[in-house]
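Remarks on the structure that follows.
There are 2 protein chains.
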Amino acid sequence: MPRPVDVPALVAAARDGAPRAVARLISLVEDADPALRDVMAALTGHTGRAHVIGVTGAPGVGKSTSTNMLIRVLREQGKRVGVLAVDPSSPFSGGALLGDRIRMQEHALDQGVYIRSMASRGHLGGLSWTTPQALRVLDVAGFDVVLVETVGVGQSEVEVAALADTTIVLLAPGMGDGIQAAKAGILEIGDVFVVNKADRDGADATVRDLRHMISLGDRTATGLWRPPVVKTVASAGEGAGDVLAAIAEHEAWLVSSGQLRARRIARAADEIESIAMATLRARIGDLRHSHNVETLAAAVVDGATDPYAAADKVVGALT
Amino acid sequence: MPRPVDVPALVAAARDGAPRAVARLISLVEDADPALRDVMAALTGHTGRAHVIGVTGAPGVGKSTSTNMLIRVLREQGKRVGVLAVDPSSPFSGGALLGDRIRMQEHALDQGVYIRSMASRGHLGGLSWTTPQALRVLDVAGFDVVLVETVGVGQSEVEVAALADTTIVLLAPGMGDGIQAAKAGILEIGDVFVVNKADRDGADATVRDLRHMISLGDRTATGLWRPPVVKTVASAGEGAGDVLAAIAEHEAWLVSSGQLRARRIARAADEIESIAMATLRARIGDLRHSHNVETLAAAVVDGATDPYAAADKVVGALT
């Protein structure tokens, strides 16, 4: 039997930054717990302070090491840092957990860092639903910066980018030159490009390639921000300051251009739409359970009606 | 500009089996044309006669050759045969088209055969929507048997199986032994298993493996039908009679057990649900266009409401 959820107490504890309360709330998000409705209502008015930074890139570019480097330098600035490692592709989140274990060792005793991996277990709405809810929990818990790290590749990167205020795209020499990046669709989503492992051969060529591709790209969708390209050697901590400076510059631009609010409104609209669709889907599920849809389906099979007319009746019954 | 659709004339021509009318109607299905609503209403009462046979299997097992063999023997029995080659994975349907071209040569002058490849172009509802609509068109056009061939692998096979009265799963020696089949989830969906390329080494072992796996499987979901395993060499036309006999036996069982009606009702219920969800999604899209969702999203960002309460308002506005 699930434990009963004392929403006001949990939310109060999370607002004080209590790690166990934060963990419990994010578990409710993962499980799509019915109590979430009350949780989200209780968080209202306490959100919007955290800067959400997406960190994405193909496997092998050094995502965990780079996130770790960012945590370290943000902590040196006195900022509290939440990390959400999202693995949309796997219900087990193995890669994320491995990265976590390494980071846990370094930050285990630091109360200013909270690291959590989260699987989106393919539940209704997927990333567009779970991630913003988890972000809201970390925001309310007072983290100044929340890093969202994706383990997946492809479509999930684009989805996660839509959830972040600033999206950092990581590449490594030889793995992700400009053309590969263009093919993967990451030129459009990156606000800051980081060429990691910059001590390897080909790093400068990758930087040139990227800058060239960015100069050719259509940036109107992102409001004419020209994304900088920064070099790092995350394993040695080199370039961390440059990445932070680029992030800060982007943050300032987001505010002055009005894009911060615009992005957050678009994000909230996606989330509202996901929840509304899930509500409607659940109501149709109830109609199937009570055999209303099956009765209509039998009428379609018997040639007494057609699927569109039947669907109209289902929509009518929901409303 | 799209041509205007004369629905009554098109449907009348399709009911006479006119290939161009059939082709036009299936193009409307592919394009999710608004006229489909009238088309499906006009088809009402004229469907339910065609036996729908799904043909699926991994690339390389000889799907096109096997479908071709089935067309030939069904034609020898005087049956009119429609073929729908569905490629859920690709918008270009290249593999399907290649297979078609080969078959077209053999059946080009035969008025009793209609072959069509269809891409599901990732549009709303996907396979669960387009395929049953196209099947209904072929059914009304008087085809006694409709073969639905999937090019994709994995989830799409399972989806297509849900759309067929009888699902044939093809395997080849060495490629698809019992354990591989179990992993791919195809043991659950097959009504008839065909080991093609049975002149190759290992065919008997594959048959034994499959029979063993089937005997271990839980068949309650398919109403206790024990699927037969048949050997063919489709390229030489060997085993065609055995496949047809197995299909006929399954068809008789479907009728006597009541499963034919049950499967078709479940299929229609899925279709109705897909159309209803698409209708609701379109209405939410309209709400976004008219800025209602954006206004709610801004209220969420400003901390004046939460996403669940906002979603309730969206659901309320739809109804």
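Protein chains in written order, with the numbering used here: chain D, 359 to 677; chain X, 359 to 677.
Note that CB positions come from ideal geometry on N, CA and C, so glycine has one too.
Source: prediction; values computed, not measured.
In the three-state DSSP reduction, LYS437(D) falls in the coil class, being neither helix nor strand. One alpha carbon belongs to TYR666(X), the other to ILE630(D), and they sit about 7 Å apart. Contact annotation: the segment 501-510 of chain X touches the segment 409-420 of chain X, with at least three C-beta pairs closer than 8 Å. Among the CB atoms of chain D, none fall inside 8 Å of the CB of TYR472(X).
Taking one beta carbon from each stretch, the segment 640-651 of chain D and the segment 590-598 of chain D have fewer than 3 pairs nearer than 8 Å; the two do not touch. Look at the segment 543-572 of chain X: it has no residue with a C-beta under 8 Å from a C-beta of chain D.
In this model, ASP523(D) and THR564(X) are separated by some 54 Å (Cα to Cα). If only complete runs of 3 or more residues are kept, the segment 364-427 of chain X shows the beta strand (DSSP E) at 409-414, in order along the chain. Linking THR525(D) to ALA624(D) through their CA atoms gives a straight-line distance of about 15 Å. Rounded to whole angstroms, ALA610(X) and GLY575(X) show a C-alpha spacing of 22 Å. The beta carbon of ILE642(D) sits closer than 8 Å to some beta carbon of chain X. Its chain contains VAL365 as the residues whose beta carbon lies nearer than 7 Å to that of ASP396(X), once the 5 sequence neighbours on both sides are disregarded; these appear in chain order. Within chain D, no residue has its CB atom less than 8 Å from the CB of ASP391(X), the nearest being about 12 Å off.
The three-state secondary structure of ILE605(D), taken from DSSP, is helix. Counting along the chain, ILE547(X) sits inside no alpha helix (DSSP H), nor does DSSP assign it H or E at all.
About 15 Å separates the beta carbon of PRO586(X) from that of ALA561(X), a gap too long to meet the 8 Å contact definition.
DSSP, reduced to helix, strand and coil, places LYS671(X) within a helical segment of the structure shown.
Within the same chain, and ignoring the five residues on either side of GLY420(D) in sequence, the residues whose Cβ sits closer than 8 Å to its Cβ are LEU528, ALA530, ASN554, LYS555, ALA592, SER593. For the C-beta of PRO665(X), the chain D residues within less than 7 Å are, from N- to C-terminus, MET398, ALA626, GLU629, ILE630, ILE633.
Minimum Cα-Cα distance from ASP559(X) among the listed residues GLY532(X), VAL552(X), PHE551(X), ILE572(X) corresponds to GLY532(X).
Straight-line measurement puts the Cα of ASP664(X) at about 5 Å from the Cα of ALA399(D). In this structure, DSSP gives ARG474(X) an extended state, which the three-state scheme calls strand. Put simply, the CB of THR637(D) is near chain X, with a gap under 8 Å to one of its CB atoms. Residue state for ALA530(D) is assigned as coil, using DSSP reduced to three classes. For the 8 Å CB-CB criterion, VAL672(X) and VAL659(X) do not form a contact.
Within chain X, no residue has its beta carbon less than 9 Å from that of GLY420(D); the closest one is some 31 Å off. Sequence-distant partners of ALA372(X) (beyond 5 residues in either direction) whose C-beta falls short of 7 Å from its own C-beta, in its chain, are ALA379, VAL380, LEU383, VAL495, VAL498, ALA499. Within its own chain, the residues whose Cβ lies closer than 7 Å to the Cβ of VAL369(D), once the five positions on either side in sequence are excluded, are VAL397, ALA400, LEU401, listed in chain order. The beta carbon of LEU432(X) lies closer than 6 Å to those of VAL439, VAL503 in the same chain, with the five residues before and after it left out. Residues of the same chain with a CB within less than 7 Å of the CB of THR488(X), apart from the 5 flanking positions on each side, are VAL387, GLU388, MET476, SER478 in chain order.
The residue among PRO377(D), GLN617(D), ILE633(D) with its C-alpha nearest the C-alpha of ILE473(D) is PRO377(D). In this structure, the CA atom of ASP549(D) is about 23 Å from the CA atom of GLU434(D). Within 7 Å of the CB of ALA655(D), the CB atoms of chain X belong to ILE623, ALA626, ALA627, ILE630, in sequence order along the chain. Any Cβ of chain X closer than 8 Å to the Cβ of LEU401(D) would place that residue at the interface, and such an atom is present.
Taking the Cα of LEU394(D) as reference, the smallest distance to any Cα among ALA655(D), HIS608(D), GLN491(D), GLU607(D) is reached at GLN491(D). Cβ neighbours of VAL441(D) within its own chain (closer than 6 Å, five residues either side excluded): ILE473, LEU505.
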